[in-house]
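In order, the protein sequence lines correspond to chains S and W. Read in order, the letters of the first sequence correspond to residues 1 to 498 in my numbering. Read in order, the letters of the second sequence correspond to residues 1001 to 1498 in my numbering. By construction, the Cβ of each residue, glycine as well, lies at the ideal position given by its N, Cα and C atoms. Predicted model only: the values in this text are computed from it and were never measured. First the structure, in the form of structure tokens, and then the observations on it.
Protein chains: 2
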Amino acid sequence: MTLNQAIETLNRVEKAVYALNHAMDIMNTDGETVAPKDSWRVRGEAMAYLSGLAYQELQAPETEEALKTILQHRGETDETTFRRAEVLQEDYEDMHVLPMDEYVAYNQLVSDAGAVWREAKENNDYASFAPLLEKLIAARRRYAALKAPEKPAYDVLLDQYEKGACMETLDPFFAAVRQDLAPVIADVAAHPKETPAFLTREFSVDAQRHFSEKLMALEGLNPRRCTLGETEHPFTSGPNKWDVRITTNYRSDVLGSLYSVVHEGGHALYEMGVADELQCTCLGGGATMGIHESQSRFYENLIGRSRAFCVPLLKIMKESFPEQMAGVTEDALYEAINLSQPSLIRTEADELTYSLHVMIRYELEKAMIAGDLTVAELPAAWNDMYQKYLGVTVPDDRRGVLQDSHWSFGGMGYFPSYALGSAYGVQMLHRMEKEIDVWGSVEKGDLSPLTAWLGEHIHRFGKLKKPQELLSAAMGGPLDPSVYTSYLKEKFTKLYHL
Amino acid sequence: MTLNQAIETLNRVEKAVYALNHAMDIMNTDGETVAPKDSWRVRGEAMAYLSGLAYQELQAPETEEALKTILQHRGETDETTFRRAEVLQEDYEDMHVLPMDEYVAYNQLVSDAGAVWREAKENNDYASFAPLLEKLIAARRRYAALKAPEKPAYDVLLDQYEKGACMETLDPFFAAVRQDLAPVIADVAAHPKETPAFLTREFSVDAQRHFSEKLMALEGLNPRRCTLGETEHPFTSGPNKWDVRITTNYRSDVLGSLYSVVHEGGHALYEMGVADELQCTCLGGGATMGIHESQSRFYENLIGRSRAFCVPLLKIMKESFPEQMAGVTEDALYEAINLSQPSLIRTEADELTYSLHVMIRYELEKAMIAGDLTVAELPAAWNDMYQKYLGVTVPDDRRGVLQDSHWSFGGMGYFPSYALGSAYGVQMLHRMEKEIDVWGSVEKGDLSPLTAWLGEHIHRFGKLKKPQELLSAAMGGPLDPSVYTSYLKEKFTKLYHL
């Protein structure tokens, strides 16, 4: 096969895989948002069929040969083509681990499990989800054992979401976070604040829906390219930069949805910022989930929970909720959105205690994937850890082990991305502060200079650069958890006058 | 190829085509409801790629041989398998008309045109849609010429939506309708009623959304299997009976959305009523579009605009809109939902003048497909016909030639299905009235006996029976337009005391 023939094959296979992935992406998003509940009875099988077609394209001997040919000719193709072959080769190897039948069956399992999990959570019925969770864990363990039998299974899974992440580096990372933050968390707990009255008022779902539009405009999300849906567990998806979907979930508590929108909006800005020429190629999405979460948590916390952001935020909150927000000042809002207290739900946790929620999941996943914790034992283990690390009693599985969607899609190994992303973001912010007037812009309600900075350093590259290279360039050095914990210590020491 | 091998091939091909159609169905519905506007830049190409995969499956020599084998062995397979082969053979022949490249390009054109049409309508910009409409007409003419060069092109297209429909029978059908109804319409116009005050009140979109849920419950639509979306032009879709989507469009006028929901709900009940064992086969949908419209317009008009329906309808309207509906009686509501006056918008037209809207489109399509009317001339021709037949002046293309989505998806030949369906429905109702207590059930707000009757006579069969056979059995005889026009004459003579 000549290099030109190889590139032609790459183009053809990539186009086929893109179209199939596009379809599966939309079917999945639809299934998690607007589809009728019973639709899962067929959707999983239809999606699995499409996944089989993608398998056939990518695992064809011709594809294998084309990728090999291009990778042997480094320097003879442009950088983008070479990198496309590199990334597609990784996808090829990931997929190659399982025979097609098993790969297709796994895709159906994941699709079905999502639907079963949603109903299980709604009905607080862990038992109905447990058999699927068992199959998912078995499938992930099997995948890991086949992919890299020499490594601990959980390391293989971690690497899927954050290239290079492994227990050897994550154990000390979480230890450092826990050690640095434990005294602050204890100190804060000793100085509890009352929940301000406005947070206990009723915010109607209809009014929140209208407010979300304003919030998305404030974040700079182009509504022609990004729409907002409703789901049980918020996520961001979309096959390309012109077709991005964020989701939220409305409760009577206004802050829950507010920060879901801002968080998912950060993911969306990343997707929408990838260069046009990378769209619909295998380089067209975010580099890793850790880097993706660095963007979402940047907007959610570093910006969204900053004092400066309270200026434009209060303005639109008063427009949308004039009665509920009457008399609330920027300072009061700033205190309210940074109330810190150990709580049950990860996505609603404050910045300070958040990493403990992630750490708990990390420890549980480690044990499950190592085979040290069974599905039957999991809820009790979950509840014990919430008692131990956060001091809260889990009242039911809905607000406990069933709260997150990740395990239902086989995402064991995903959670550490949130903690890593939070830490990456602080180091990016420190660099950004030196180069642009971050807080002046935020106060004016103009986030575009921030998004432009992130676009320049992260977004536009998609998967073109290798993750570690991209990350160190954007952070100006390697990950240093003490930068993250110092940021939190300083913020909460001030907020709580410690 | 043995019969058993042929049946195996049929099963395999049908499964593949089903999965691809499922994906395209969801992508299309998503594109017309919640997808961001710019998403059309890629969606059309991705969908077209999937359509090419379906083409390859269905046009494979092995498929051709399998279908031929089964069709040669009538009596040696069960009825369902034989009919599946028959219907798949029709699909095969339809698709076979065009080479794959052209088939794929047409699918992309249809997808893109839908997005362009939506924006053109929104911006009242016919010029932006015209080039796509030209391509669509050319493509449809070419398809017809290749499919059956011996027939008039428009007849070939009519047959796609209503098996056997042709100008030779539709010309006299529309002539009879026009002749019978023209004096009634003139008489009604001479006795105009004032619009009742409650119809001029503001019905907020949020309140209408909540109302729609009650309306769907009243119609008996299982929310686990059917959900409601919002779109520019209401439609019903869904790949199987557990996954049906209806759509509506909220304006400040409450009746517009109300009757969209009831109409689309009729389509949905049909889809949800097809027998389980036909699901995900090529027999799993409605028999023809004319029969489909007979179900939607049955619920919309024969039931939804009946005096009996005003009893449960007023009840839920008063719950949802207590202020706007204060003091409104059942009789006043009955008069209001049957106000007859020539108007601009087909989907909002009253029952009496509705067929004239369809007739206008029928005449325009005939001329366009025959090559007697250009895309440039179309808007003026549209406006002239509205002046001539309905006596209304079209103020802009948004409320004129751009109002319907059908031409944007290449649906030239679809419109007559609405008029035929309306006529079929009356004949079904007359049979139903003899067998069950239709109006007693409707007054009680229980439509389930009606849906069960239609389920028994129409829904459950899907495409299992041939359309004409299904229809005459359900109507108890052949189509007789005078039954339809008599029903309308009687209803409006009473309503307007003529």
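Checking the sheet assignment: what are the DSSP bridge partners for Thr-227(S)?
Thr-227(S) is bridged by DSSP to Arg-245(S).
Only counting the same chain, and skipping five residues up and downstream in sequence, which positions put a Cβ closer than 7 Å to that of Ser-472(S)?
Counting only Cβ-Cβ distances below 7 Å, and skipping sequence neighbours, we find Pro-478.
Kindly indicate which residue of Leu-1420(W), Ala-1452(W), Ala-1148(W), Tyr-1354(W) has the alpha-carbon position closest to the one of Leu-1098(W).
Measuring from the Cα of Leu-1098(W), the nearest candidate turns out to be Ala-1148(W).
Chain W partners of Leu-10(S), CB-CB under 8 Å?
Near Leu-10(S) there are no residues of chain W at all, since even the closest Cβ is about 16 Å away, more than 8 Å.
Between the alpha carbons of Ser-1448(W) and Gly-1220(W), how many angstroms are there, rounded?
If you take the alpha carbons of Ser-1448(W) and Gly-1220(W), they lie about 7 Å apart.
Please tell me whether Met-27(S) has its Cβ less than 8 Å away from any Cβ of chain W.
For Met-27(S), the nearest beta carbon of chain W is closer than 8 Å to its own beta carbon.
Roughly how many angstroms separate the alpha carbons of Thr-1485(W) and Ala-1474(W), rounded to a whole number?
C-alpha separation (whole angstroms): 19 Å.
Alpha-carbon to alpha-carbon, Pro-416(S) and Lys-489(S)
Going by C-alpha positions, Lys-489(S) is about 21 Å away from Pro-416(S).
By the 7 Å beta-carbon criterion, what residues does the segment 102-113 of chain S contribute toward chain W?
Taking 7 Å as the upper bound on Cβ-Cβ separation, chain W lies near no residue of the segment 102-113 of chain S.
Any chain S beta carbon closer than 8 Å to Asn-1124(W):
By this cut-off, Asn-1124(W) is not an interface position.
What does Lys-37(S) reach in chain W if we use C-beta pairs closer than 7 Å?
By Cβ distance, chain W contributes Arg-1224.
Quick check: Ala-1287(W) and Leu-1470(W), are their CB atoms within less than 8 Å of each other?
Yes, they are a contact pair.
Within the 8 Å Cβ cut-off, does Pro-1416(W) reach chain S?
Closer than 8 Å: no.
Where Thr-353(S) sits in the DSSP three-state scheme
If DSSP states are grouped into helix, strand and coil, Thr-353(S) belongs with the helices.
Quick one: what's got a C-beta closer than 6 Å to Lys-1318(W)'s C-beta in the same chain, skipping five residues either side?
Take Lys-1318(W), set aside five residues on each side of it, and the residues of its chain with a beta-carbon closer than 6 Å to its own are Met-1325, in chain order.
Less than 8 Å separating the beta-carbons of Arg-1399(W) and Ile-1345(W)?
Yes. Within cutoff.
Would you decide whether Lys-121(S) is buried or exposed? Buried here means 16 or more other CB atoms lie within 10 Å of its CB.
Burial is judged here by how many other beta carbons sit within 10 angstroms of a residue's own beta carbon; Lys-121(S) has at least 16 and is buried.
Which value, in whole angstroms, describes the spacing of the CA atoms of Lys-1135(W) and Ser-1051(W)?
Per the coordinates, the alpha-carbon of Lys-1135(W) lies some 19 Å from the alpha-carbon of Ser-1051(W).
Is there contact between the segment 191-206 of chain S and the segment 250-258 of chain S, where contact requires at least three CB pairs shorter than 8 Å?
Contact between the segment 191-206 of chain S and the segment 250-258 of chain S is established, with three or more Cβ pairs separated by less than 8 Å.
Spell out whether any CB of chain S is found under 8 Å from the CB atom of Cys-1280(W).
Answer yes: the Cβ-Cβ gap between Cys-1280(W) and chain S drops below 8 Å somewhere.
Which partner residues does Asn-240(S) have in the DSSP bridge list?
Per DSSP, Asp-243(S).
Relative to the C-alpha of His-263(S), which candidate in Cys-280(S), Val-426(S), Glu-293(S) has its C-alpha closest?
Among Cys-280(S), Val-426(S), Glu-293(S), the Cα nearest to that of His-263(S) belongs to Glu-293(S).
So which residues of chain S does Asp-1384(W) contact, with C-beta pairs closer than 9 Å?
By Cβ distance, chain S contributes nothing, its closest Cβ being about 36 Å from Asp-1384(W), past 9 Å.
Exposed or buried, which one is Ser-405(S) when buried takes at least 16 other CB atoms within 10 Å?
A residue is called buried when at least 16 other Cβ atoms come within 10 angstroms of its Cβ; Ser-405(S) meets this threshold and is buried.
Helix, strand or coil, according to DSSP, for Gln-403(S) in the structure here?
Collapsing the DSSP output to three states places Gln-403(S) in coil.
Show which residues of chain S have a CB atom less than 8 Å away from the CB atom of Pro-1239(W).
Under the 8 Å cutoff, chain S gives Val-42, Ala-46.
Give the interface partners of Val-34(S) over in chain W, defined as CB-CB distance under 8 Å, in chain order.
Contact note: Val-34(S) reaches chain W through Thr-1033, Val-1034, Thr-1227, Gly-1229, Arg-1245, using a C-beta cutoff of 8 Å and chain order.
Compile a chain-ordered list of the residues in the segment 1048-1067 of chain W whose CB is closer than 8 Å to at least one CB of chain S.
Along the segment 1048-1067 of chain W, the positions whose C-beta sits under 8 Å from a C-beta of chain S are Tyr-1049, Leu-1050, Leu-1053, read in chain order.
Can you tell me whether Leu-1454(W) is buried or exposed? The criterion is at least 16 other CB atoms within 10 Å of its CB, across all chains shown.
Looking at its Cβ environment, which holds 16 or more other Cβ atoms inside 10 Å, Leu-1454(W) is buried.
Rounded C-beta distance between Ala-401(S) and Tyr-126(S)? I'm assuming under 8 Å.
Going by the sequence as given, residue 401(S) is Val instead of Ala. That belief holds up - the Cβ atoms of Val-401(S) and Tyr-126(S) are roughly 7 Å apart, short of 8 Å.
Check this for me: beta carbons of Gly-1425(W) and Arg-1297(W), under 8 Å apart or not?
Between Gly-1425(W) and Arg-1297(W), the CB-CB gap stays under 8 Å.
Quick check on Asp-1206(W) - is its C-beta less than 8 Å from some C-beta in chain S?
Yes, Asp-1206(W) counts as interfacial toward chain S.
Using 7 Å as the cut-off, classify the Cβ of His-357(S) as near or not near the heavy atoms of the ligand PLP, replying yes or no.
Looking at this structure, you won't find the ligand PLP or any other ligand, since it has none at all.
Quick one: residues in its chain with C-beta nearer than 6 Å to the C-beta of Ile-1458(W), no 5 flanking neighbours on either side, listed in chain order?
Leaving aside the five residues that flank Ile-1458(W) on each side, the residues in its chain whose CB is nearer than 6 Å to its CB run, in chain order, Ala-1474.
Determine the extent of the alpha helix (DSSP H) in which Val-1110(W) is found, giving its start and end residues.
From DSSP, the alpha helix (DSSP H) with Val-1110(W) extends over 1100-1122.
On a Cα-Cα basis, can you pick out the residue from Asp-1446(W), Met-1272(W), Met-1368(W) that is closest to Gly-1411(W)?
Out of Asp-1446(W), Met-1272(W), Met-1368(W), Met-1368(W) has the C-alpha closest to the C-alpha of Gly-1411(W).
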